[in-house]
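Quick note: the sequence shown uses numbering that gives the first Met the number 0, first residue 0, plus one each step.
For each residue, glycine too, the CB sits at the ideal point set by N, CA and C.
Some notes on the structure that comes next.
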Amino acid sequence: MGIAKKIRHINRRDFLKLGAVTASAGLGIAGLGNVLKGAAAAAGAYPDPVYRTLGRTGLKITVVSFGAMLTPEHEVMRAAFDLGVNYVDTARRYMNGRNEEIVAKAIKGIRNKLYVATKTLASSNTRKEIFQDVETSLSKLQTDHIDVIQLHNLSSGDRAFIPEVREAYRELRKQGKVRFFGITTHSNQAEVLKAVTDDPERFFDTALVAYNFKSPPSLKEAIARAARAGIGVIAMKTQAGGYKTDELGPLSPHQAALKWALQDANVTAAIPGMKDMDMLREDLSVMGMKLTRTDEKILERYGKAIDPYYCCFCGQCEATCPQHVAISDINRSLMYAEAYGSMELARATYDEIESKANASACLGCDGCAARCVSGLDIASKMRKALSMYA
Ligand code: SF4
Ligand code: SF4
């Protein structure tokens, strides 16, 4: 669909207003085009869905798929599905266990048109636990199968190779309860991807990875290797937290950030969290759009604005902490509270951390020895976590 069609709902007054906004943000004509496309979607014109193949699963999924993590109303998901989105990612632990139930309502009656991905708990490493997780998810989702079951939150390659877990996943597939296996990772991601890519058994078919314009080149390379090996890579955290900043005036960096992730052909799809219809419009309208020089400028400015507090979860600081505190996971939990505004998710993420590696280990330290590669003040983040989760 051409830009002319996309902007058919914008009248002259809107056009002039948008021009003034982009001029004040110093973005010029190219920026205006960008904003017009977003505004076109806001006015009700959506692009046709764009699909890519999810690695060796062969599933054709929409490049903008649905991250259900923080969506309180099933109608928002249903609207996305009605517009052609065909992949939804959830987990039982989101929203204190309610998230899969919301997805269940959204997929009711159209289950066979959609692919559903969920996760076993990060603490589940035995056959019994994996079976329990999958049975519970099937019942909460009110479905007889899960398309992609993901081993959640790997921070090293080791957990991908636990024989008992693999056996349980295989048995579940034989029973027709799950179709494909995936992993998710937030920290030490390049190493985790390398482990599943080099696995001679080619056990895992997909990888859900935190990937955005702030990610290091080593992650981009690891994603390329994984994709070449047939692993379907899905990007999450594409907004680098989605922190609010005044740096860009009234313009949102979100479409630019989403386009940045999708311009990487080794990424099959992104799963932005869409809490409401405004977010849905903003995200879905990106399908088919290209990353422009203006987008790059927006991301440059946005990136600089969030530098003082953005943690990319690389985990490199953890080797410099004598207590091996899970600094990247703690920072991720802080991001859920501060940027996503979800204390529930923040607390659930923090509670997943082993007690010996949470921020209480910092109480025994006279001074913080941990060093961040980006210069973040780790001590103050740990103090914040201590007071927040006390
Ligand atoms: S204060 Fe710093 S060095 Fe000490 S345990 Fe906490 S993160 Fe590690
Ligand atoms: S605090 Fe710094 S070094 Fe540690 S995970 Fe975050 S960005 Fe990496």
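6 Å CB neighbourhood of residue i in its chain, flanking five on each side removed
i: arginine 382; result: none
i: arginine 77; result: Ala105
i: leucine 120; result: Asp132
i: leucine 385; result: Ala358
i: serine 354; result: none
i: lysine 274; result: Leu69, Thr70
i: arginine 126; result: Glu163, Ala167
i: lysine 59; result: Tyr50, Thr52
i: glutamine 141; result: Ala103
Backbone secondary structure at residue i - three-state DSSP
i: glutamine 188; result: helix
i: valine 62; result: coil
i: tyrosine 339; result: coil
i: tyrosine 388; result: coil
i: isoleucine 148; result: strand
i: valine 133; result: helix
i: methionine 288; result: coil
i: isoleucine 326; result: helix
i: glycine 366; result: coil
i: valine 49; result: coil
i: methionine 273; result: coil
i: glycine 231; result: strand
i: methionine 381; result: helix
i: threonine 119; result: strand
i: tyrosine 349; result: helix
i: alanine 105; result: helix
i: valine 195; result: helix
i: valine 75; result: helix
i: tyrosine 168; result: helix
Candidates the options, of which the one nearest residue i by Cα
i: arginine 51; options: Gly229, Glu246, Ala103; result: Gly229
i: tyrosine 388; options: Ala345, Ala103, Val208; result: Ala345
i: glutamate 163; options: Gly302, Asn124, Ser379; result: Asn124
i: isoleucine 285; options: Asp275, Ile297, Ala269; result: A quick correction: the sequence has valine, not isoleucine, at residue 285. Of the candidates Asp275, Ile297, Ala269, the one whose C-alpha sits nearest the C-alpha of valine 285 is Ala269.
i: alanine 226; options: Ala67, Thr244, Lys193, Asn211; result: Lys193
i: threonine 196; options: Glu246, Met342, Ala221; result: Ala221
i: alanine 360; options: Met276, Gln322, Leu290, Met334; result: Gln322
i: serine 373; options: Leu140, Thr61, Pro215; result: Pro215
i: aspartate 235; options: Ala255, Ala206, Gly287; result: The residue you asked about is not aspartate; residue 235 is methionine in the sequence shown. Taking only the C-alpha atoms, the option nearest methionine 235 is Ala206.
i: leucine 290; options: Met278, Ala304, Trp259; result: Trp259
i: threonine 293; options: Cys313, Ala255, Leu153, Cys320; result: Ala255
i: threonine 183; options: Arg110, Thr244, Ala90, Lys112; result: Ala90
i: tyrosine 45; options: Ile233, Thr319, Gly287, Ser136; result: Gly287
i: arginine 158; options: Met334, Gln188, Cys320; result: Gln188
Own chain residues within Cβ distance below 7 Å of residue i, not counting five before or after
i: isoleucine 28; result: The predicted position of isoleucine 28 is uncertain, since its pLDDT is 43 and thus under 50; a value taken from the coordinates is nonetheless stated next. Same-chain partners within the cutoff: there are none.
i: arginine 92; result: Leu120, Ala347
i: glutamate 391; result: Not covered by the structure: residue 391. The range shown for the chain is 0 to 389.
i: isoleucine 377; result: Cys316, Ile326, Cys367, Ala369, Cys371
i: alanine 338; result: Gly240, Gly241, Tyr242
i: alanine 22; result: Because alanine 22 sits at a pLDDT of 45, beneath the cut-off of 50, its placement in the model cannot be relied upon, and the following sentence gives the value as read from the coordinates. Excluding positions up to five away in sequence, the list is empty.
i: arginine 300; result: Glu246, Leu247
i: proline 252; result: Ile297, Leu298, Tyr301
8 Å CB neighbourhood of residue i in its chain, flanking five on each side removed
i: leucine 257; result: Val63, Thr237, Gln238, Ala269, Pro271, Asp282, Val285
i: arginine 55; result: Arg201, Asp204, Gly229, Ile230, Gly231
i: asparagine 95; result: Glu343, Ala347
i: isoleucine 329; result: Tyr349, Ile352, Asn357, Ala358, Lys380, Met381, Ala384
Paired residues, beta bridge with residue i - DSSP
i: glutamate 182; result: Sequence check: residue 182 is isoleucine here, not glutamate. Answer by DSSP bridge pairing, in chain order: Leu150, Ala206.
i: threonine 89; result: Per DSSP, none; premise fails for threonine 89.
i: tyrosine 308; result: For tyrosine 308, which the question treats as bridged, DSSP gives no partner whatsoever.
i: alanine 268; result: Ile233
Heavy atom of ligand 3 within 6 Å of residue i beta-carbon
i: cysteine 320; result: This structure lacks ligand 3; the ligands present are ligand 1 and ligand 2.
How do the stretch 350-368 and the stretch 159-168 stand: do at least 3 beta-carbon pairs fall below 8 Å, yes or no?
no
How do the stretch 306-320 and the stretch 81-92 stand: do at least 3 beta-carbon pairs fall below 8 Å, yes or no?
no
Stretch pair the stretch 136-155 + the stretch 174-190: three plus CB contacts closer than 8 Å:
yes
Pairing CB atoms from the stretch 199-219 with CB atoms from the stretch 258-266, are three or more of them under 8 Å?
yes
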